[in-house]
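**Student:** After the structure tokens below, expect a handful of questions from me.
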Amino acid sequence: MNAGKLNNFARYAWAVLGYNIFVILLGAFVRSSGSGAGCGSHWPLCNGEVLPRAPEVATLIEFSHRLTSGLALLLVGGLLLWARRLYAPGQPVRVAAMWSMVFILVEALVGAALVLLELVAGNPALLRGVVIAVHLANTLLLLGALTLCAWHAAGGAPVQLPNGAGAAAIWLGTGLLVLVCSSGAITALGDTLFPAASLAEGLQQDLDPSSHLFVRLRVWHPVLAIGTGMYLIVLARIWGLDGAPAAVRRAARAMMAVVGLQWVGGTLAVVLLAPLWIQITHLLMADVLWVLWVLLVATVHPVRAAAASPLQPVPA
Numbered sequence: 000m001n002a003g004k005l006n007n008f009a010r011y012a013w014a015v016l017g018y019n020i021f022v023i024l025l026g027a028f029v030r031s032s033g034s035g036a037g038c039g040s041h042w043p044l045c046n047g048e049v050l051p052r053a054p055e056v057a058t059l060i061e062f063s064h065r066l067t068s069g070l071a072l073l074l075v076g077g078l079l080l081w082a083r084r085l086y087a088p089g090q091p092v093r094v095a096a097m098w099s100m101v102f103i104l105v106e107a108l109v110g111a112a113l114v115l116l117e118l119v120a121g122n123p124a125l126l127r128g129v130v131i132a133v134h135l136a137n138t139l140l141l142l143g144a145l146t147l148c149a150w151h152a153a154g155g156a157p158v159q160l161p162n163g164a165g166a167a168a169i170w171l172g173t174g175l176l177v178l179v180c181s182s183g184a185i186t187a188l189g190d191t192l193f194p195a196a197s198l199a200e201g202l203q204q205d206l207d208p209s210s211h212l213f214v215r216l217r218v219w220h221p222v223l224a225i226g227t228g229m230y231l232i233v234l235a236r237i238w239g240l241d242g243a244p245a246a247v248r249r250a251a252r253a254m255m256a257v258v259g260l261q262w263v264g265g266t267l268a269v270v271l272l273a274p275l276w277i278q279i280t281h282l283l284m285a286d287v288l289w290v291l292w293v294l295l296v297a298t299v300h301p302v303r304a305a306a307a308s309p310l311q312p313v314p315a
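Numbering (numbering that gives the first Met the number 0), first residue to last: 0 to 315.
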């Protein structure tokens, strides 16, 4: 495989990752704008039609999301086919492309379930929260697989996870991030379904035992976010010590910066009662934070594989 093909494939893989983040943000806009039922309970058709005629605004928004999601599926399919042509079975790029295809198919199935079960628009069913949390977790897996595909295609070394405390530290960070993002999705759903007129009213709703579960869970998301952010910062500082390779230090600093931005965004969301632009920006930063976490782990572990301590990077 020549360098030109590698560079072209890597650029395509990064572009597919970026496009999928855009589709995720559009999906959040569909939910926040109450347009999830814009195509009725029909899937994959929209209100029983291939192309909706004389559509309303909600229908246009939902239909646009379906079109962009369909294109995302095709782009990931192209990524997999291209990877199969360029890379031998078992190579990290090909494996990551295969998992990307698996996760985006699951994305499509979960999205279809939300529509067919009518868990959209103003439906406050608890099942909707469960499905959305699962949807978000699978979305993170998709972004992680796409990130690793692009990372390896660009020349990143294979990831070698350590044993013992090092592996536990990584799995804990990964689990906490998934938990925080899933709770954030439910929090955003609660903000959409049960908006508050003021900060005081919102706090009263959060603490009222008669409030809907989505509302009462909102108070836990900031707690989880602060705790998880502190853990990630500590871990990044350990990995990004002065003796660490430059790539590790850059990834660690970038992740710590995004954690700080997320704290600011979360504070603004609470104070400003979670307006749409804050929700979208907060989700974007969450996706970026997840990608940076995957890249940090991928950057650290080839150089830490032979380290005496599983929490210390090996000097370059």
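Don't be surprised by glycine CBs; every beta carbon is placed ideally from N, CA and C. Since the structure is predicted, the reported quantities are computational estimates derived from the model, not experimental observations.
Does the segment 75 to 95 touch the segment 142 to 155, meaning 3 or more C-beta pairs lie closer than 8 Å?
**Tutor:** Yes, they touch.
**Student:** Whose C-alpha, out of Leu115, Ala82, Tyr18, is nearest the C-alpha of Gly47?
**Tutor:** Mapped onto the sequence shown, residue 47 falls at position 48. Looking at the Cα atoms, Leu115 is the closest of the given residues.
**Student:** Indicate the three-state DSSP secondary structure (helix, strand or coil) for Leu180 in the structure shown.
**Tutor:** Here residue 180 refers to the residue found at position 181 of the sequence shown. A small correction: the amino acid at residue 180 is Cys; Leu does not occupy that position in the sequence shown. Helix, per DSSP.
**Student:** What are the start and end residues of the alpha helix (DSSP H) that includes Asp205?
**Tutor:** Within the sequence shown, the letter at position 206 stands for residue 205. Its alpha helix (DSSP H) spans residues 198 to 206.
**Student:** My output table needs one value for Glu61: the three-state DSSP class, helix, strand or coil.
**Tutor:** Position 62 of the sequence shown, counted from the start, is the residue given in the question as residue 61. If DSSP states are grouped into helix, strand and coil, Glu61 belongs with the helices.
**Student:** Going by beta-carbon coordinates alone, are Ile277 and Leu271 separated by less than 8 Å?
**Tutor:** Translated into the one-based positions of the sequence shown, residue 277 becomes position 278. Translated into the one-based positions of the sequence shown, residue 271 becomes position 272. In this structure, Leu271 lies closer than 8 Å to Ile277 by Cβ.
**Student:** Using 8 Å as the cut-off, can you tell me whether the segment 8 to 19 makes contact with the segment 32 to 45, which would need three or more C-beta pairs spanning the two stretches below that distance?
**Tutor:** Verdict: no, contact absent.
**Student:** Could you compute how far the alpha carbon of Val214 sits from the alpha carbon of Arg252?
**Tutor:** Start at 1 with the first residue of the sequence shown, and residue 214 comes out as number 215. Start at 1 with the first residue of the sequence shown, and residue 252 comes out as number 253. Those two C-alpha atoms are separated by around 34 Å.
**Student:** Taking the beta carbon of Pro161 as the centre, do at least 16 other beta carbons fall within 10 Å, making it buried, or is it exposed?
**Tutor:** Indexing the sequence shown from 1 puts residue 161 at position 162. Looking at its Cβ environment, which holds 16 or more other Cβ atoms inside 10 Å, Pro161 is buried.
**Student:** Is the beta carbon of Pro127 sitting closer than 8 Å to the one on Leu118?
**Tutor:** Sequence index remark: in the sequence shown, residue 127 carries index 128 (1-based). Sequence index remark: in the sequence shown, residue 118 carries index 119 (1-based). Correcting the residue type first, residue 127 is Arg in the shown sequence and not Pro. A contact, by the Cβ cut-off of 8 Å.
**Student:** Helix, strand or coil: how does DSSP classify Pro43 here?
**Tutor:** What you label residue 43 is simply residue 44 of the sequence shown in a count that begins at 1. Residue state, collapsed to three classes: coil.
**Student:** Less than 6 Å between C-beta atoms, sequence neighbours within five positions excluded: which residues of the same chain meet that for His134?
**Tutor:** The residue labelled residue 134 in the question sits at position 135 within the sequence shown. Val109, listed in sequence order.
**Student:** Hey, would you say His281 sits closer than 8 Å to Gly259, going by beta carbons?
**Tutor:** Reading the sequence shown from its first residue, position 282 is the one you call residue 281. Reading the sequence shown from its first residue, position 260 is the one you call residue 259. For His281 and Gly259, no; Cβs fall outside 8 Å.
**Student:** Which residue's Cα is closest to the Cα of His64: Pro43, Trp81, Val29?
**Tutor:** Residue mapping note: residue 64 aligns to position 65 of the sequence shown, counting from 1. Closest option to His64, Cα to Cα, is Val29.
**Student:** Under 8 Å by Cβ, that's how I've got Ile103 and Val75 pegged, so tell me the actual separation to the nearest angstrom.
**Tutor:** In the sequence shown, residue 103 corresponds to position 104, counting from 1. In the sequence shown, residue 75 corresponds to position 76, counting from 1. About 5 Å; that satisfies the 8 Å criterion.
**Student:** Does the segment 225 to 240 come into contact with the segment 175 to 187, if we say contact requires no fewer than three beta-carbon pairs (one atom in each stretch) closer than 8 Å?
**Tutor:** With the cut-off at 8 Å, the segment 225 to 240 and the segment 175 to 187 touch.
**Student:** Taking all protein chains shown into account, do 16 or more other C-beta atoms lie within 10 angstroms of the C-beta of His300, making it buried, or fewer, making it exposed?
**Tutor:** Residue numbering aside, residue 300 sits at position 301 when the sequence shown is read from its first letter. Looking at its Cβ environment, which holds 16 or more other Cβ atoms inside 10 Å, His300 is buried.
**Student:** Going by C-alpha to C-alpha distance, which of Thr58, Gly89, Ala107, Gly201 sits closest to Ala72?
**Tutor:** As a first step, residue 72 is located in the sequence shown; it is residue number 73 there, counting from the start. One point to set straight first is that residue 72 is Leu, not Ala, in the sequence displayed. Checking every option, the nearest Cα to that of Leu72 belongs to Ala107.
**Student:** Taking 8 Å as the limit between beta carbons, can you name the residues of its chain near Pro221, skipping five residues before and five after?
**Tutor:** As a position in the sequence shown, residue 221 is number 222, starting the count at 1. Same-chain partners within the cutoff: Gly265, Val269.
**Student:** To which residues does DSSP link Glu117 through a beta bridge?
**Tutor:** Against the sequence shown, residue 117 aligns to sequence position 118. In the DSSP output, where bridge partners are listed per residue, Glu117 has none listed.
**Student:** Can you pull the DSSP bridge partners for Glu48?
**Tutor:** Working through the sequence shown from its first residue, we reach residue 48 at position 49. Its beta-bridge partners are Cys45.
**Student:** When you compare each of Cys180, Ala57, Pro43 to Leu113 by their alpha carbons, which one comes out closest?
**Tutor:** On the sequence shown, residue 113 is found 114 positions in, with the first residue counted as 1. When each option's Cα is compared against that of Leu113, the closest is Pro43.
**Student:** Tell whether a beta-carbon distance below 8 Å holds between Leu85 and Phe8.
**Tutor:** Position 86 of the sequence shown, counting from 1, holds the residue named residue 85. Position 9 of the sequence shown, counting from 1, holds the residue named residue 8. Going by C-beta atoms, Leu85 is nearer than 8 Å to Phe8.
**Student:** Between which residues of its own chain and Ala136 is the CB-CB distance below 7 Å, once the five residues before and five after are set aside?
**Tutor:** Here residue 136 refers to the residue found at position 137 of the sequence shown. Val177, Ser181.
**Student:** Terminal residues of the continuous alpha helix (DSSP H) containing Cys148?
**Tutor:** In the sequence shown, counting from the first residue as 1, residue 148 sits at position 149. Residues 125 to 152.
**Student:** Considering Cα atoms alone, identify which of Val22, Gly33, Asn19 is closest to Phe193.
**Tutor:** Along the sequence shown, read from residue 1 onward, the residue named residue 193 stands at position 194. When only C-alpha atoms are compared, the closest one is Gly33.
**Student:** Measure the alpha-carbon distance for Ala166 versus Gln159 and round it to whole angstroms.
**Tutor:** On the sequence shown, residue 166 is found 167 positions in, with the first residue counted as 1. On the sequence shown, residue 159 is found 160 positions in, with the first residue counted as 1. Using only the alpha carbons, I get a separation of about 10 Å.
**Student:** Taking the alpha carbon of Ala297 as the point to measure from, which residue in Val179, Ser209, Gly242, Trp238 has its own alpha carbon closest?
**Tutor:** As a first step, residue 297 is located in the sequence shown; it is residue number 298 there, counting from the start. Measuring from the Cα of Ala297, the nearest candidate turns out to be Trp238.
**Student:** Please report the Cβ distance between Ala144 and Trp98, rounded to the nearest whole angstrom; I am assuming they are in contact, meaning their Cβ atoms lie under 8 Å.
**Tutor:** Looking up residue 144 in the sequence shown gives position 145. Looking up residue 98 in the sequence shown gives position 99. Sure, about 4 Å apart at Cβ, within 8 Å.
**Student:** Using beta-carbon positions only, say whether Gly189 and Leu216 come within less than 8 Å of one another.
**Tutor:** Within the sequence shown, the letter at position 190 stands for residue 189. Within the sequence shown, the letter at position 217 stands for residue 216. Yes, Cβ-Cβ distance for Gly189 and Leu216 is below 8 Å.
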